[in-house]
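**Student:** Numbering (this note's numbering), first residue to last: 6 to 885. Ideal placement from N, C-alpha and C gives every residue a C-beta, glycine not left out. Predicted, not measured: the structure shown is a model, and the values here were computed from it. Sharing a structure below in structure tokens format, with a few things to ask.
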Amino acid sequence: TIVASQQSQEAPHCWLQAQSPSGLLTDLILLDTGTGDPVPEVNGIFQLGQLDTNEVRSYQLIALNLSCQEEDLDLTFGWNCTPYLDAKDIPCVSWEQAFKALSPNGELELQVEGPLGDCPQLCDTVPYHQITIFNADLGPVCELHLDAILPTGFSVLPGTSQLAYPSDDSFVDISDPLDLGNGTVRWPLYQENALLAADCLPGVTAGPLHELRLRFLGTTDCSFTVGSKLTFQATGQQNCALPTNIITRQGMPVCIQTFDEADETFINVNLESPVGCQDTVTLSFGIVHTDQSGAGDSIRVKLPVDLQYVFGSFTGLLNPPAGEPLIANVNGQEELRWGFPPGVPAWSPISFQVQVEGFAEKPCGTEYLTAQATAETQAICALTGDTCSVHLESGSTLEALPIERPILQIPTFTLEIWPAFGGGDSIAYSIEVENLGANLSQSVEIDLYLDLDGDLQWSADDQLVGSHSLTDLLLPANGVFLLPPQQLCRVYAYIDPGKHCACSTDLRFPTAPIIYHTGQEPVLCSGEELVLGACLPGANTNWAPAEGLSCDTCCQTLFQWINSGLEPAVFDLTQEMTFADGCQVNYQYGLTVRPQPGILYADPEICLGGQANLVATSGVSYHWQGPGITDPSLPVQQVSPIATASFSVTVVDTVGCLGVDTTLVSVLPLPLADAGGDTVFCPGDLLQLHAIFQADYDYLWMPFGNLSDPNVADPELLAPIPGAYTLTVTDPFNCQDVDTIQVTFGAPPNLSIAGDDMICLGNSTLLTASGAVAYAWSPAAAVECLDPPLCDSVSVAPPGTTIYSVTGISDSGCPAELSLTVMVIDSNMMTIDTIETCAGTPVSVHDLLTDVAGFYCDTTVLANECLFIDCIDLRVSDTT
């Protein structure tokens with residue numbers, strides 16, 4: 006198991022919980038593979054501590070498996086804001102992952118070496134046979150033993166058996182093998198070594214402890230067929246005391262010194278059909294010599310234990326023996342013997358068929374048949390010095406006869422309880438059957454028993470409560486029966502081996518817990534109370550989850566929930582009923598709590614003059630109250646209160662739940678938008694608008710294309726474009742006000758001044774302005790307005806020469822200014838100017854055009870008869 010924090014920050018109080026639905030995985034231990042330490046556990050929850058960002062930890066989960074089948078294992082893990090110590094609580098974050106758990110088995114393998122070296126004499130010591138046995142899988146192999154099937158005339162030399170364990174250790178003496186009869190001896194190896202007895206032969210990952218070596222010496226007598234091989238079989242126990250595989254290997258031919266050497270013979274044995282549920286099978290033999298057959302040539306076929314030749318079944322094919330075999334009992338096994346017809350040419354086939362019976366009583370597995378071709382010769386017995394007539398093997402075969410039948414298993418057996426029509430409970434079962442072996446030729450009969458004696462296996466005292474015949478293994482066996490809920494954990498599904506031709510059958514108790522579908526799925530109003538639960542004698546109750554319950558350990562409890570959300574709240578409640586024998590029945594309830602009817606949405610505030618939306622939750626009837634409500638029966642209202650107001654609604658939903666809800670709508674004052682007055686821009690003015698500025702307002706002028714910044718109070722115009730400019734101001738509450746001004750562009754007046762520009766001291770004169778719609782004179786104190794308020798004509802009496810200015814305003818409001826200097830003359834005044842010209846070029850002198858040099862004077866009589874004499878000295882130059 007790898008647990009990692011893959012989020013953007015550390016994960017506090019990480020935890021992991023492992024649960025076995027069947028309860029058959031127990032004694033759970035979680036090891037931190039980084040430290041080798043067990044992880045602390047509280048209430049079945051392993052406390053992993055904090056995982057930092059991107060930190061990865063590896064853990065190993067160890068459990069005691071009380072099951073002989075594949076088991077489910079559910080892992081839940083996550084992190085919590087505080088230490089997660091109780092599974093009844095809801096953690097902050099959790100994930101789930103399902104696993105399959107199966108204890109690994111061991112698998113045996115063996116190798117045979119020897120005998121090696123020179124061929125001994127008959128009756129002499131045969132060199133060591135050395136057998137190496139090792140575990141090639143992960144699980145342990147217990148009660149390991151090795152059998153040796155000895156040829157007739159061969160025996161293990163007493164006191165020569167030795168064991169090396171582990172395999173790289175030295176050989177030590179062990180006990181002589183046990184004689185099982187039928188020419189078979191056995192070494193119970195687990196009894197010869199304390200380590201093997203205590204820890205079994207561990208899996209391949211524990212090398213060299215997964216391997217051992219055994220060796221022994223042998224001897225022969227005159228009944229030994231020279232060249233025969235010893236056959237070795239190793240087996241043991243694996244999980245659930247089930248047998249391991251049986252591994253069979255032959256040693257090398259046992260070589261003995263003889264007078265003659267045998268020709269080579271090839272033997273082929275075939276099964277005409279697979280061995281299944283039938284009792285009798287047909288075997289075909291094909292034999293080929295490398296030389297012409299002689300008078301002493303024969304074949305011996307040694308049948309497996311408890312198998313017999315069917316008399317009269319011999320059928321000759323090509324160059325067959327004379328007929329029925331000679332049957333001998335060799336160590337409790339039938340040995341069929343035929344003499345070959347002499348004179349069969351080399352490489353010519355000899356073939357025949359026979360039938361063998363007794364397979365129906367054999368268990369599944371592999372039986373071995375030995376076929377051995379021999380010739381007659383002589384050898385000297387080293388023990389007596391006598392010459393013995395012996396058989397010399399020219400060829401042999403060890404033929405496997407696999408017995409393959411269906412292997413029936415029940416991987417899944419579930420019970421569910423439903424209320425029965427008319428009262429009581431109906432127990433619905435679902436049973437899956439799988440065949441891991443040969444094809445099935447019959448329906449599978451499944452019996453349902455009540456384990457009355459509590460021994461967890463079939464016995465005659467158990468009560469039959471139902472049966473089912475299953476013809477299609479692709480479909481589960483489904484049906485119903487009646488029993489009280491507290492007895493259901495003692496019901497088992499059983500495939501009776503007496504009713505089936507199968508290698509193995511199965512027995513399985515139901516998956517825990519057993520689910521009781523109460524069918525109670527009420528819909529409640531928010532806050533409504535409901536009594537839940539069933540009380541069974543002898544059962545302890547635990548409710549999960551405990552939300553909304555008045556008591557989580559009472560068989561009957563009160564449920565109430567206030568649903569303040571917008572959606573229905575769904576509660577899947579389980580009443581876990583646990584009996585004294587550990588049986589657990591879970592009563593399931595599905596509750597839906599409607600949301601409290603009321604106001605789904607309401608605008609909390611509006612601006613003065615705005616509209617508030619009021620929306621009720623879904624229902625069948627409504628009644629609104631509040632100012633501006635015109636139709637109180639509508640689910641949606643739009644109101645425009647002029648002051649803060651309260652609104653309420655009474656709603657009845659589709660299932661009859663009633664709710665009353667109230668909301669307050671606040672009315673906010675509008676901000677003040679003041680863009681200033683209408684504006685006229687005159688030539689030379691700064692083209693800038695001026696609104697009243699408020700620091701927390703947002704400003705927007707429209708149109709904005711001609712403005713330097715439309716979001717300030719005083720933007721400048723980019724071009725003199727007249728028109729309306731609208732200002733929208735928005736306050737922090739998003740309320741708005743609007744003001745509009747007109748912008749125009751004016752021209753100054755075509756201003757003129759008329760009047761005397763020369764007067765005698767003490768006199769007054771009239772000055773008149775024209776071309777404007779309003780006038781202002783300066784200095785104002787020195788003029789007398791003759792036609793107020795226009796004042797286009799004024800009278801002035803300057804004490805001395807004075808400059809008079811007038812400002813005129815055009816009809817568009819733009820000003821213009823002109824000045825007039827009024828000269829004041831005291832008594833008489835003469836001015837003399839000089840003008841020069843060329844002869845022949847006349848100039849204007851006092852309105853006279855002349856080119857005659859001279860002194861010309863013009864006399865003007867002013868008021869009060871003062872004189873103004875203006876003289877011009879005209880000087881004419883000769884053009885030459």
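Considering ALA886, what are the terminal residues of the alpha helix (DSSP H) in which it resides?
**Tutor:** As displayed, the chain neither begins before 6 nor continues past 885, which places residue 886 out of reach and without an answer.
**Student:** In chain order, what residues of the same chain lie with their CB nearer than 7 Å to the CB of ARG513, ignoring the 5 residues before and after it?
**Tutor:** Counting only Cβ-Cβ distances below 7 Å, and skipping sequence neighbours, we find ILE415, PHE418, TYR497, ALA498.
**Student:** By DSSP's criteria, PRO407 is part of a beta bridge. Which residues make up the other side?
**Tutor:** According to DSSP, which records beta bridges pairwise, PRO407 is partnered with THR371.
**Student:** Leaving out the 5 sequence neighbours to the left and right, which residues in its chain are closer than 8 Å to GLN643 when beta-carbon positions are compared?
**Tutor:** Excluding residues within five positions, the ones whose Cβ falls inside 8 Å are GLN616, ALA617, ASN618, LEU619.
**Student:** GLY532 to PHE709, Cα distance in whole Å?
**Tutor:** One C-alpha to the other measures close to 58 Å.
**Student:** Would you call GLN338 buried or exposed, if buried means 16 or more other Cβ atoms sit within 10 Å of its Cβ?
**Tutor:** GLN338 should be labelled buried.
**Student:** Rounded to a whole number of angstroms, what is the C-alpha to C-alpha distance between TYR434 and PRO424?
**Tutor:** Approximately 14 Å, taken between the alpha carbons.
**Student:** Helix or strand or just coil, what does DSSP make of VAL209?
**Tutor:** Residue state, collapsed to three classes: helix.
**Student:** Helix, strand or coil, according to DSSP, for ASN618 in the structure here?
**Tutor:** ASN618 falls in the strand class under three-state DSSP.
**Student:** Mind checking which residues open and close the beta strand (DSSP E) that includes LEU479?
**Tutor:** Note, LEU479: premise wrong, no beta strand (DSSP E); not H, not E.
**Student:** Need the endpoints of the alpha helix (DSSP H) that ASP204 sits in, please.
**Tutor:** First-last of the alpha helix (DSSP H) with ASP204: 199-204.
**Student:** Of the choices ALA781, CYS819, SER798, PRO804, whose alpha-carbon is the least far from that of VAL811?
**Tutor:** Ranking ALA781, CYS819, SER798, PRO804 by Cα distance to VAL811 puts ALA781 first.
**Student:** Would you tell me roughly how many angstroms separate the C-alpha atoms of SER10 and VAL61, rounded to the nearest one?
**Tutor:** With a pLDDT of only 43 at SER10, under 50, the local geometry of the prediction cannot be trusted, and no value is derived from it.
**Student:** Taking THR864 as the reference, give the member of VAL485, ILE837, GLY664, SER99 with the closest Cα.
**Tutor:** Ranking the options by Cα distance to THR864, first place goes to ILE837.
**Student:** Since PHE738 and ALA718 should fall inside the 8 Å C-beta cutoff, what is the C-beta to C-beta distance between them, to a whole number of angstroms?
**Tutor:** PHE738 to ALA718, Cβ: 19 Å. No contact.
**Student:** Find the nearest neighbour of ALA203 within the set THR210, VAL209, LEU194, judged by alpha-carbon distance.
**Tutor:** It is LEU194.
**Student:** Bridge partners for SER472 per DSSP, in chain order?
**Tutor:** According to DSSP, which records beta bridges pairwise, SER472 is partnered with ASP452.
**Student:** I'd like to know whether the C-beta atoms of LEU113 and THR249 end up nearer to each other than 8 Å.
**Tutor:** Against a cut-off of 8 Å, the Cβ pair of THR249 and LEU113 comes out as a contact.
**Student:** Between SER626 and the rest of its own chain, which residues show a CB-CB distance below 6 Å, the 5 nearest in sequence each way excluded?
**Tutor:** Excluding positions up to five away in sequence, the list reads VAL657.
**Student:** Which residue's Cα is closest to the Cα of LEU4: THR806, PRO784, THR558, ILE814?
**Tutor:** One cannot answer for residue 4 here, as it falls past the ends of the chain, which runs 6 to 885.
**Student:** Against chain C, with Cβ distances strictly below 8 Å, would TYR499 count as a contact?
**Tutor:** In the structure shown, chain C cannot be found, because there is only a single protein chain.
**Student:** What residue does the beta strand (DSSP E) around ASN275 start on, and which one ends it?
**Tutor:** Start and end: 270-276.
**Student:** If distances are taken between C-alpha atoms only, which option among LEU825, VAL670, TRP566, VAL788 comes closest to GLU610?
**Tutor:** Among LEU825, VAL670, TRP566, VAL788, the Cα nearest to that of GLU610 is on VAL670.
**Student:** Count the C-beta pairs between the segment 771-788 and the segment 747-760 that are closer than 8 Å, then say yes if the count reaches three, no if not.
**Tutor:** A contact exists between the segment 771-788 and the segment 747-760.
**Student:** Nearest to VAL335 by alpha carbon, out of GLN313, ASN324, PRO354, PRO325?
**Tutor:** Answer by Cα proximity: GLN313.
**Student:** Within 10 angstroms of its Cβ, does ASN716 collect 16 or more other Cβ (buried), or is it exposed?
**Tutor:** Counting Cβ neighbours within 10 Å, ASN716 comes out exposed, since fewer than 16 surround it.
**Student:** Let me know the secondary structure DSSP gives PRO502 once reduced to three states.
**Tutor:** Here PRO502 sits in helix by DSSP.
**Student:** Whole angstroms is fine: what's the gap from CYS740's alpha carbon to SER651's?
**Tutor:** So the two alpha carbons sit approximately 20 Å from each other.
**Student:** I'd like to confirm the pairing. Which residues does DSSP put opposite GLY344 in its beta bridges?
**Tutor:** The partner list for GLY344 (beta bridge, DSSP) reads SER303.
**Student:** State the Cα-Cα distance for the pair GLN24 and LEU36, rounded to the nearest angstrom.
**Tutor:** Answer to the nearest angstrom: the Cα atoms are 16 Å apart.
**Student:** Indicate the three-state DSSP secondary structure (helix, strand or coil) for LEU183 in the structure shown.
**Tutor:** LEU183: strand per DSSP, three-state reduction.
**Student:** Would you please state the rounded distance, in angstroms, between the beta carbons of SER448 and LEU475? I believe it to be under 8 Å.
**Tutor:** Yes, they are in contact, since the Cβ atoms of SER448 and LEU475 sit about 6 Å apart, within 8 Å.
**Student:** Report the residue from HIS851, ALA678, PRO804, VAL850 whose alpha carbon sits nearest the alpha carbon of MET828.
**Tutor:** Cα-wise, what sits closest to MET828 is PRO804.
**Student:** Exposed or buried, which one is PRO602 when buried takes at least 16 other CB atoms within 10 Å?
**Tutor:** Classification for PRO602: buried.
**Student:** Thinking C-alpha only, which one of GLY818, CYS819, LEU771, SER401 is nearest ASP797?
**Tutor:** For the residues GLY818, CYS819, LEU771, SER401, the minimum Cα distance to ASP797 belongs to LEU771.
**Student:** Write down every uninterrupted run of the beta strand (DSSP E) in the segment 60-136 whose length is 3 residues or greater and which is fully enclosed by it, in chain order.
**Tutor:** Listed in chain order, they are 61-70, 76-84, 98-106, 113-118.
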